[in-house]
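As structure tokens, the structure follows; a few thoughts come after it.
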Amino acid sequence: MKVDVFKIAQSGPDDLSGLAALVQQGTLDPKTIVAILGKTEGNGCVNDFTRGFAVATLKGYLRGLMGDELLNQVVFVMSGGTEGVLSPHMTVFTRQSEGLVEPTQTGLALGICHTRDFSTDEIGTLTMVEVVAEGVERAIAAAGLTAEAVHFVQIKCPLITAARYTQAAITQDSYKSMAYSRGASALGVALALGEVQRGDLTAADICHNYRLYSSVASTSAGVELQNCEILVLGNAPQSHSRYRIGHSVMAHALDIAAVNRAIHSAGGVGKGGQIVNVFAKAEADPSGQLLGHRHTMLDDSDINHTRMARAVVGAAIAAVVQDPMIYVSGGSEHQGPAGGGPIAVIVV
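Residue numbering for the sequence shown follows UniProt numbering, beginning at 1 and increasing consecutively.
What follows is the structure, given as structure tokens:
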């Protein structure tokens with residue numbers, strides 16, 4: 001397997017000029033695209049339609065280049081919110097499996113999976129945890145990875161809008177449903193990787209028992225889908241890719257040591273090498289404390305705490321790597337310890 005990674009700046013959610021240039025130059029074969037992760041400049045909350053706008057624009061462009069069959073297999077993950085210094089962009093992953101002549105080495109490998117659609121009553125429940133776990137296992141197998149070789153699992157998951165409320169839904173609050181969906185999806189990753197045992201998990205644990213978490217899960221909720229789209233990234237010993245990935249876990253929003261640990265985990269940046277992109281989760285510590293001091297992110301009625309957390313963590317990471325065009329997603333329920341979150345780095 002040969003995986004390539006392209007980070008492309010965008011002037012707006014519908015700006016495909018950078019992607020189109022790579023296609024026209026012959027640098028990127030659209031028929032090899034398997035996943036696209038993006039940061040769009042919406043609010044990242046329930047009514048952020050920049051995510052769906054970006055996906056619809058991408059699908060409209062790619063349909064004529066790759067056909068419906070290949071297009072329907074692509075994982076699209078748009079994470080809204082580029083608060084602070086975060087710069088809007090997309091990261092395109094391509095995969096080739098035939099006609100490879102490059103020597104094999106330990107390098108990047110990926111697998112994808114689309115789960116079935118979830119009913120309103122299943123979002124944020126143990127059913128969702130189990131379905132996601134099965135999907136993650138399928139993606140790991142498709143990547144040819146072992147659980148130990150997985151460094152990052154990105155999932156786009158649904159939420160519950162007011163139009164879809166039912167009496168049996170986990171919550172009647174659309175914004176809270178994002179947290180439950182993210183949390184259940186993350187626990188699905190933890191279950192698939194053996195970070196959490198099924199016998200230790202109850203329905204009451206979801207979005208309450210934050211001692212249970214995955215060290216590699218990154219989940220993002222949106223209105224633009226009803227299923228979960230899963231991307232698994234890791235290093236395989238027989239890869240044809242020149243890229244490598246590593247990860248660590250931020251213990252808190254200002255844990256810059258974790259950024260350097262993730263870079264080191266990826267093998268570091270040698271002479272002539274570079275960091276391709278950073279992927280991280282961010283949240284306002286639910287304790288209301290950060291390094292022993294009170295923070296007010298959870299008490300602000302004007303700005304959602306997920307938005308402020310993205311700004312804080314985005315600035316901390318960007319200061320280390322000296323690049324604001326990074327992927328930072330808000331809301332890290334069961335994704336790393338409370339107040340922290342996983343961080344992954346791809347280098348070349």
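We put the beta carbon where it would ideally sit given N, CA and C, even for glycine. No experiment lies behind these values; they were computed from the predicted model shown.
- request: Say whether chain D places a C-beta atom closer than 7 Å to the C-beta of residue 277.
  value: In the structure shown, chain D does not exist; there is a single protein chain.
- Message: Between the region 288-300 and the region 28-47, can you find at least three pairs of beta-carbon atoms closer than 8 Å?
- Response: No: fewer than three Cβ pairs fall under 8 Å.
(Q) For a test of the three-state rule: what should DSSP assign to residue 176, helix, strand or coil? (A) helix
Next on the checklist: My parser needs the alpha helix (DSSP H) runs of 4 or more residues fully inside the UniProt region "RU A" (1-98); what are they?
Outcome noted: 17-25, 50-71
Could you work out which residue in 186, 79, 313 is closest to residue 55 when comparing CA atoms only?
Considering only alpha carbons, the answer is 79.
Taking the alpha carbon of residue 46 as the point to measure from, which residue in 174, 154, 338 has its own alpha carbon closest?
-> 174
Just to confirm the assignment, what range does the alpha helix (DSSP H) spanning residue 220 have? Element bounds for residue 220: not the alpha helix (DSSP H) but the beta strand (DSSP E), 217-222.
Problem set entry | Inter-residue spacing [alpha-carbon to alpha-carbon] between residue 63 and residue 34 | 13 Å
| message | On a Cα-Cα basis, can you pick out the residue from 108, 157, 298 that is closest to residue 186? | response | 157
Which same chain residues, not among the five before or five after residue 241, have their C-beta less than 6 Å away from its C-beta?
-> 2, 3, 107, 108
Q. If you draw a straight line from the C-alpha of residue 348 to the C-alpha of residue 227, how long is it?
A. 32 Å
Q: Pick out whichever of 334, 23, 289, 230 has its Cα sitting closest to the Cα of residue 180.
A: 334
Worksheet item: Does DSSP classify residue 263 as helix, strand or coil?
Response: helix
Query raised in the report: Which word fits residue 188, buried or exposed, when buried means at least 16 other C-beta atoms lie within 10 angstroms of its C-beta?
Result: Taking all protein chains shown into account, residue 188 has 16 or more neighbouring C-beta atoms within 10 Å of its C-beta and is therefore buried.
- Message: If I measure Cβ to Cβ from residue 378 and keep anything under 6 Å in the same chain, skipping five residues before and after, which residues do I get?
- Response: Residue 378 is absent from the model: the chain starts at 1 and stops at 348.
Next item on the list: Out of 90, 229, 11, state which residue places its alpha-carbon closest to the alpha-carbon of residue 5.
Entry: 90
Euclidean distance between Cα positions of residue 126 and residue 270: 44 Å
Query raised in the report: Since residue 414 contacts residue 159 with CB under 8 Å, what's their CB separation in whole angstroms?
Result: For residue 414 there is no data in the structure shown, the boundaries of the chain being 1 and 348.
ask   = Apart from the five residues just before and just after residue 215, which ones in its own chain have a Cβ nearer than 7 Å to its Cβ?
value = 195, 249, 336, 342
*asked:* Starting from residue 278, trace the beta strand (DSSP E) in both directions and tell me its first and last residue.
replied: Counted as a single uninterrupted DSSP element, the beta strand (DSSP E) harbouring residue 278 occupies residues 275-282.
- Message: Give me the DSSP bridge partner(s) of residue 244.
- Response: 347
Item to complete: Give the secondary structure of residue 417 by DSSP, where H, G and I count as helix, E and B as strand, and everything else as coil.
Response: In the structure as shown, the chain starts at 1 and stops at 348, and residue 417 therefore has no counterpart that could be examined.
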